[in-house]
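Heads up, the sequence shown is in the numbering used here, so the first residue is 616 and it goes up one at a time.
Yeah, the Cβ is synthetic: ideal placement off N, Cα and C, and Gly gets one too.
Predicted, not measured: the structure shown is a model, and the values here were computed from it.
Report on one structure; see the data block that follows.
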Amino acid sequence: MKIVPVLFILLFFILLSLYRNEIGTIRLFLRLAVLTLLLLFYFQVEINLPWVKKEERATAILIDVSRSMEQRRWKGTIRSIQRDYPDRVIPFAAGIGPGSSRERTNLGGALDRLRLQPKPLILISDGYYNEGPDPIEVSRGYPYPIYPVHLPEESIVDFEVVAIEGPDYPKLGDTAVFFIRCQGKGSTDLMIYLDRRPIRSRKLILTGGIREETLRLRMEKEGIRILEVRLDRSEDEIDTLDNQLRFRFEVVRVKTPLLFLSNLTPDVGIMRRVIEPMEWLEVGFRIRVDGGKELTYGKISDRPEIIILDDIDPDPETKRLVAQASSIIFLLGERSWLPQPVRRRRVENREVVPVFDPEFIRFDLTPPPFTNLIEIGGIDLVPLVKSEDGRVILGYHDLPSQRMIFLLAHPIWSFYRRLVGIGGGPLADQLIRKLIQLASPGMRKKRVKIRPIKKGIRIGDQLTITAGLYAPDLRLSTGARVFFRIEHDTLGEEYIGTEVAPGLYQTTLWPRMAGEYQIIAEADGLYDTVRIMVGGGDPESPHSSANNILLEQIARNTGGRMIGFDEIDSLLESVVEVRGERAWLRFRDPWLILLIIGLLASVWWLRKREGLP
């Protein structure tokens, strides 16, 4: 500030010399002025001009009044802030509130609007936003500091949907019964949705134990259906991730008819115990007894789609049924009938150890050896189970309109009994069920299937999505391109999966918004869809909510910091930004160079006027 009077004195003497026509004195003053300006420019001096009017912007409170804040038990806080600071509050929400005179928008939209009249902000929000611009990107150009308030998690009563039990393949027109088990303590709303449409809602009083509710639904629509159960205080917002559960089932028009043909052997008991619980099948058993008699169990279809031949030489009627069936499973014996052009080679009597393909049957068990293995020729089998030396034990062969499956372990009851005898009962049952699934007409094409995604995903957590591309033999198919599409409200992103293992394709993302995500995996025109919920996170977790990620990033982008509720009063009083467009005289601008050139030109002109060189 001391240089200001010096400049005025210099200007006074220049004007006085001009009045007295003292050209030499004027040249001296001009040279001093040029030297002074060069020094000011070299050191880039800034001079505050106190008479320039300054602009003051008081701090405002940008407060989230959306439904998510109310659901997180902050309704009382919102009202008290609005009551205590009515002139400082700027409300915003995810939509336009009915009856409100002020337009409310999401966090990114609110910051974008405030750019027109910016001011320092105290931000009270849980960080959730559903649409509009990204608040992190918008905050990068905001000219004033933003101070987000850290919202500590309050204790929330946990309600949990423990399980949903029901039929996997109910029949069209039947009434299916579903059992819903819930637990928790307190009052909550039980809401049931079918294919995302509400079908039932009622109040529940939970006492801490498990409570079972019964739901009866008439199956009026064919296809895959999703039953969703939620426990919450609102239909629109979900507080936790355990208070909801989905159950996927498929309504079938008719059950697939299966016919089991056998001699009177232990195989019948095995098959009845394992096959009959498969709800999507309509199972019939026909057993040949000595003397040409037959015994039947279950429902015998006039035209079965799946036929199991167990070491039997069929009569002409059975051969007619076999010719019309979609799939035939041959449990071969020493004298089993084989269709043309299949031919029997030999029976291997030495011990053979089966090796299961882990993608066909997953079980941590070393199967025992057996002593008989029938070999066939005439067709090429796609192997599913081999021996240690590479011979086929289980395989299939596809014709244009029929699938033939061959289990060459003779006899099957001995093979099954050995598996069960060493604790492999689940493995033995799974093997038979896999055979029948493989024979199902629906297994004739490729499928893409998203593997189960862990529960408890929150904002900032790493979400890994894995999908398998399955060939018609239930095994994984390699070398394909699988695309993942992630959808959340107006957000839509697509990723290309990386093959992390043969037939398994994976992508990774980090959700930045809470709510429901739809994940779609697509390959070769096939797709699978799942829905997951992403929660807001725990403030104590390093990967937690927007309070630790999104809000802290906004504070860093604008020069602010995270604060507590107890700091609001002091910030409202002390944080007053003072700004003016021309409050400083800066000696580093281009106009200074032009001024120096002008002064030097004046000195040269005065010298020429006196006739000096």
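Report yes if the CB atom of residue i is closer than 8 Å to the CB atom of residue j, and no otherwise.
| i | j | result |
| --- | --- | --- |
| Glu920 | Tyr784 | no |
| Glu909 | Ile915 | no |
| Gln1133 | Glu1102 | yes |
| Thr1122 | Phe1099 | yes |
| Ile839 | Arg815 | no |
| Arg1096 | Ala1138 | yes |
| Val1145 | Ile1065 | yes |
| Thr674 | Ile739 | no |
| Leu1119 | Gly1083 | yes |
| Thr803 | Leu819 | yes |
| Ser951 | Gln1017 | no |
| Ile1169 | Pro748 | no |
| Pro956 | Ile922 | no |
| Leu874 | Gly899 | yes |
| Leu1053 | Ile1020 | yes |
| Leu832 | Phe793 | yes |
| Phe1044 | Val889 | What sits at residue 1044 in the sequence shown is Asp, not Phe. Cβ distance < 8 Å, so Asp1044 and Val889 count as in contact. |
| Ile705 | Leu677 | yes |
| His765 | Gly1075 | no |
| Ile976 | Lys1049 | yes |
| Glu897 | Thr871 | yes |
| Ile1208 | Val649 | no |
| Leu842 | Phe774 | no |
| Leu1141 | Val1063 | yes |
| Val776 | Asn858 | yes |
| Leu1034 | Pro983 | yes |
Is residue i close to chain C, meaning its C-beta is less than 8 Å from at least one C-beta of that chain?
| i | result |
| --- | --- |
| Leu1215 | The structure shown contains no chain C; it holds only a single protein chain. |
If contacts are defined as beta-carbon pairs under 8 Å, then residue i and residue j qualify, I think. What distance do you get, rounded to the angstrom?
| i | j | result |
| --- | --- | --- |
| Leu860 | Ile779 | 6 Å |
| Pro969 | Val997 | At roughly 16 Å, the Cβ-Cβ gap does not stay under 8 Å, so Pro969 and Val997 are not in contact. |
| Asp789 | Val753 | In fact, because the Cβ distance is near 54 Å, the residues do not count as touching under 8 Å. |
| Leu645 | Leu1166 | With 8 Å as the limit, Leu645 and Leu1166 do not qualify as a contact, their Cβ atoms being about 58 Å apart. |
| Glu865 | Leu787 | Actually they are not in contact, since the Cβ atoms of Glu865 and Leu787 sit about 10 Å apart, beyond 8 Å. |
Look up residue i in the DSSP assignment and give the residues it is bridged to.
| i | result |
| --- | --- |
| Asn878 | Arg903 |
| Glu828 | Ile795 |
| Gly1179 | Looking at the DSSP assignment, Gly1179 forms no beta bridge with any residue, so it has no partner. |
| Phe862 | Leu842 |
| Leu819 | Thr803 |
| Glu775 | Gln798 |
| Ser1002 | Pro969 |
| Leu1022 | Leu946, Leu1009 |
| Asp1143 | Ala1136 |
| Phe1099 | Tyr1110, Ala1136 |
| Glu1131 | Met1148 |
| Phe985 | Val967 |
| Glu990 | Arg961 |
| Thr790 | Arg833 |
| Arg812 | Leu809 |
| Gln939 | Gln939 is not bridged to any residue. |
| Tyr1031 | DSSP lists no partner for Tyr1031. |
Report buried or exposed for residue i, applying the criterion of at least 16 other Cβ atoms within 10 angstroms of its Cβ.
| i | result |
| --- | --- |
| Arg845 | buried |
| Arg981 | It is worth fixing the name first, because residue 981 is Thr in this sequence and not Arg. With fewer than 16 other Cβ atoms within 10 Å, it is exposed. |
| Leu1014 | exposed |
| Ala1216 | exposed |
| Ser877 | buried |
| Tyr1085 | buried |
| Ala1116 | exposed |
| Lys734 | buried |
| Gly1036 | exposed |
| Tyr1011 | buried |
| Pro701 | exposed |
| Ala938 | exposed |
| Arg1073 | buried |
| Ile885 | buried |
| Ser695 | exposed |
| Gly724 | buried |
| Pro1041 | exposed |
| Ser1185 | exposed |
| Pro892 | exposed |
| Phe707 | buried |
Is the beta carbon of residue i within less than 7 Å of some heavy atom of the ligand PLP?
| i | result |
| --- | --- |
| Val866 | The ligand PLP is not part of the structure shown, which contains no ligands of any sort. |
Stretch pair the region 985-997 + the region 958-969: three plus CB contacts closer than 8 Å: Output reads yes: the region 958-969 touches the region 985-997.
Inter-stretch contact at 8 Å, needing at least 3 Cβ pairs: the region 745-763 / the region 1172-1189: The region 745-763 is in contact with the region 1172-1189.
Three-pair Cβ contact test at 8 Å for the region 786-806 versus the region 823-842: In short, these stretches touch, since the Cβ pair count reaches three.
contact_flag[the region 943-961, the region 1017-1030] where n(CB pairs < 8 Å) is 3 or more: With the cut-off at 8 Å, the region 943-961 and the region 1017-1030 touch.
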